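For reference, the structure is listed below as structure tokens.
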Amino acid sequence: MTFLVLVLILLAFGLLMLFSASYAYAQYYQGDSFHYIKKQALVAVIGVACMLIVSKIDYTIYKKYTYWIYGGAIFLLVLVLLVNIKNSIKRWIYVPGVGQFQPSEVAKFALIVLFAYLIAKHGEKMNTFQYGVFPFVLFLGITAGLIIIEPHLSGTILIMGIGLIMMFVGGTRYRWFILLLVAAAVGVVLVLTFGREYMAERLQGWFDPFSDPQDSTYQTMESLLTIGSGGLLGVGLGNSRQKYLFLPEPQNDFIFAIICEELGFIGAMVVILLFVLFVYRGFAIAAKAPDKFSMMLAVGITTQIGLQAMLNIAVVTNTIPNTGISLPFFSYGGTALFLQLLEMGVILNVSRHASLEKE
């Protein structure tokens, strides 16, 4: 029940801040102040209903269809490259009557299910290279490789982070884990340095966010100004000045900056505390899970939300380069929110089975 309450608080808080951050932008570009909140609220209502349904579905069904789930995600990742072959950015697939969705969002859950299955299957063999490293690196490499081609750097970093943490918790030997961690870090730096031009610009913008204030570093610069103007208590809910077309797309990746401006340092810490509590409860559920598969499912999903929130806040505060990553439950995005709520249903089901096992 505590976990469900936390999810609903994050969702409600997210919708409130989304409306506050988006109405000026929506009015100017869409002619309707409620454009973003109407869509997000509808997804939230449907998502909560589906979350409750999923919470009643036995988690073992995902083990049964592991390779089908992963295969479907890989198919979508390939499909998004093919249907957007003439476009430089290939992240979305358009579905008539539904809208756009990102296959990389599906890939996160698919990889979590696959890794949970492999870890549960291999058990004590996880400390060997053959079972605890090779298959994980293979599947992680395929998934991350398809996502970076889109190109979607933040999605690649996130999915690599989820995979590595699950391997660590699952029993991969420390020396292999450290080597993989170093290799992943080097890979990210190389991609940022020698990848597409905009990636190199973001790396430069991280070192000096005021180096190109009229172009490549404009968003980062405005984000820092937005955060700084909030002070301790903020300017008040709904009273942000930066959302009036100064901070680009405040309803998306940089919504945390608006939270800082309107609710101040105190409000920002409340958001961070909510995510910390979420991670704590998620791992607590994992610790009480009835078996290794369900434990790793809970670990993977909790890691996904916690790591994504941490990376988003790091980007907004310029702690790491701007990679374009959303804040779970807060940023605008129907696909992401809907899938996040479905994943919450999976954790709730694991929690339910843990309670039944205890009885």
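Quick note on our numbering: the sequence shown kicks off at -16 and runs consecutively.
Just so you know, even glycine gets a beta-carbon here, dropped at the ideal spot from N, CA and C.
This one's a predicted model, so the numbers in the text were calculated from it and none came from an experiment.
DSSP places residue 124 within a helical segment (H, G or I) once states are collapsed to three. Assignment of beta strand (DSSP E) within the stretch 40 to 99, counting only whole runs of 3 or more residues, yields 76 to 78, 82 to 84 in chain order.
Between residue 262 and residue 285, the beta carbon gap of about 6 Å places them in contact (Cβ cut-off 8 Å).
Taking the Cα of residue 137 as reference, the smallest distance to any Cα among 173, 306, 166, 32 is reached at 306.
For residue 207, same chain residues with a beta-carbon under 7 Å away, outside a window of 5 residues either side, are 192, 301 in chain order. For the 9 Å CB-CB criterion, residue 42 and residue 97 do not form a contact. Of the residues 241, 331, 281, the one whose Cα lies closest to the Cα of residue 266 is 281. Membership of residue 5 in the alpha helix (DSSP H) is indicated by the continuous run -15 to 13.
DSSP places residue 314 in the coil class of the three-state scheme, outside both helix and strand. Put simply, the backbone Cα of residue 288 is about 12 Å away from that of residue 88. When the five nearest sequence neighbours on each side are left out, the beta carbons in the same chain lying within less than 8 Å of the beta carbon of residue 290 are those of 141, 144, 145, 148, in order along the chain. Runs of the alpha helix (DSSP H) spanning 4 or more residues and lying entirely within the stretch 165 to 229 occur at 180 to 190, 201 to 211, in chain order. The C-alpha of residue 162 is placed about 13 Å away from the C-alpha of residue 115. Secondary structure at residue 291: helix, using DSSP grouped into helix, strand and coil.
In the three-state reduction of the DSSP assignment, residue 306 falls in the coil class. Nearest to residue 28 by alpha-carbon distance, out of 246, 38, -5, 119, is -5. Around the beta-carbon of residue 247, 16 or more other beta-carbon atoms lie within 10 Å, marking it buried. Contact between the stretch 0 to 11 and the stretch 293 to 300 is absent: fewer than 3 CB-CB pairs across the two stretches fall below 8 Å. Non-local beta-carbon contacts of residue 315 in its own chain, meaning distances under 7 Å to residues more than five positions away in sequence, involve 1, 5, 19, 23, 234, 235 in chain order. Cβ-Cβ distances below 6 Å link residue 150 to 119 in the same chain, with the five nearest sequence neighbours on each side left out; the list follows chain order. Shown here for residue 210: same chain residues with a beta carbon closer than 6 Å to its own, the five before and five after excluded, namely 240, 243 in chain order.
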